[in-house]
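Numbering (mature numbering (1 follows the signal peptide of the UniProt record, and there is no 0)), first residue to last: -25 to -1, 1 to 288.
Dropping the structure here:
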């Protein structure tokens, strides 16, 4: 379902819903919703639905499943059109404007980001059932909505240091970094010989020297250096033994498909670890976006409660 509704460049930037509906080539237009003094027509609803219908029809789902998806998504797309109508009305109320130059800049930025010529962009839009004029109108609505959010919502969002610290603690695993092991190994094809090597290691003989002298692995000349690994992909037997060790320790000998091996922990590193100071701005941004979305939904619901909305689908 997600893949079906994941469009390339034409999904709304501010609030992203996913929609679909049914379309007929010979549809007679009619009103499907009244939003205060505005209306939503069946043609509008079908126009918004067209790209997603094509994907549903090609999805391989059963006819029953397709019908279920159509009905569910049609409701969502109509709700989106109602929401859009409300926000556009509010933008007019507060005299929020968007110039042609701003729309031109947005189109140029999109072309640059996607490495598209104007002709290529128009072709891509055509595949989505849109003209460039229609897409420019979509951009205008996006910018208007962004400014409306800034006017009506963002000023009410306050992120405190306490909020940031609390999220850092909750997401401690995310910021503690991923544990990886710098490993060395000694590989031998004789169990009695590997036991002798293990005894020498237990007597604090240097692993690198023993690897160079006795290992039959290709990396023997490098002192058995294997590199740095996330051991989650290792076999359970190897992973379980390595995970119990600290830097400078070695495993018992382990029987593997390659032969008998002993692993040495050269070092343990935490990749991607972030201190509170390093994660501070990132967390603040996450909390800010979450609060903006929450406040916007609350604000939009209050608009709906005070609006005259009639659905006639």
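Glycine is no exception: its CB is placed at the ideal position from the N, C-alpha and C atoms.
Where the beta strand (DSSP E) through residue 157 begins and ends: 153 to 163
Environment of residue 128 [buried if 16+ CB atoms lie within 10 Å]: Residue 128 should be labelled buried.
Within 8 Å, strictly: CB atoms of residue 240 and residue 212: no
For residue 255 and residue -17, the rounded distance between their alpha carbons: Low confidence applies to residue -17: its pLDDT is 36, below 50, so where it sits in the model is not reliable enough to give any reading.
Start and end residues, beta strand (DSSP E) containing residue 29: That residue, residue 29, is in no beta strand (DSSP E); its alpha helix (DSSP H) goes 17 to 32.
Contact belief for residue 285 with residue 9 at Cβ below 8 Å, rounded distance in angstroms: 4 Å
Sufficient close CB pairs (3 or more, under 8 Å) joining the stretch 102 to 119 to the stretch 53 to 73: yes
Length-filtered (3 minimum) beta strand (DSSP E) runs lying within the stretch 120 to 208: 153 to 163, 200 to 204
Same chain, Cβ closer than 7 Å to residue 186, neighbours up to 5 away in sequence not counted: 159, 161, 195, 198, 199
C-beta atoms of residue 104 and residue 41 nearer than 8 Å: no
Whole-angstrom distance between residue 249 and residue 277, CA atom to CA atom: 40 Å
Residue of 134, 88, 216 minimising C-alpha distance to residue 226: 216
Burial state of residue 1 (16 or more Cβ within 10 Å): Reliability of the predicted coordinates at residue 1 is poor, the pLDDT of 47 falling under 50, and no value is obtained from them.
Between the CA atoms of residue 71 and residue 273 - distance to the nearest angstrom: 21 Å
Straight-line gap, residue 135 to residue 243 (C-alpha atoms, nearest Å): 35 Å
Per-residue burial, residue 287 [other beta carbons within 10 Å of its own, 16 or more giving buried]: Residue 287 is exposed by the Cβ-count criterion.
Beta-bridge partners of residue 286, as assigned by DSSP: 8
Run of the beta strand (DSSP E) containing residue 244, from where it starts to where it stops: 235 to 246
Through-space distance from residue 123 to residue 67, alpha-carbon basis: 10 Å
Collapsed DSSP secondary structure at residue 303 in the structure displayed: One cannot answer for residue 303 here, as it falls past the ends of the chain, which runs -25 to 288.
Sequence-distant residues of its chain with Cβ nearer than 7 Å to residue 166 (five each side left out): 235
Where residue 227 falls: helix, strand or coil (DSSP): coil
For residue 261 and residue 176, believed in contact at Cβ under 8 Å, the rounded distance: Rounded, the Cβ-Cβ distance is 47 Å, inconsistent with contact.
Inter-residue Cα distance where the pair is residue 245 and residue 83: 41 Å
Burial state of residue 204, where buried means 16 or more other Cβ atoms lie within 10 Å: Exposure of residue 204 is indicated by the presence of fewer than 16 other C-beta atoms within 10 angstroms of its C-beta.
Residue span of the alpha helix (DSSP H) that contains residue 103, given as start and end: Taken as a continuous stretch (DSSP letters only), residue 103 belongs to no alpha helix (DSSP H), as it is neither H nor E.
Sequence-distant residues of the same chain with beta carbon closer than 8 Å to residue 111, five excluded per side: Counting only Cβ-Cβ distances below 8 Å, and skipping sequence neighbours, we find 78, 82.
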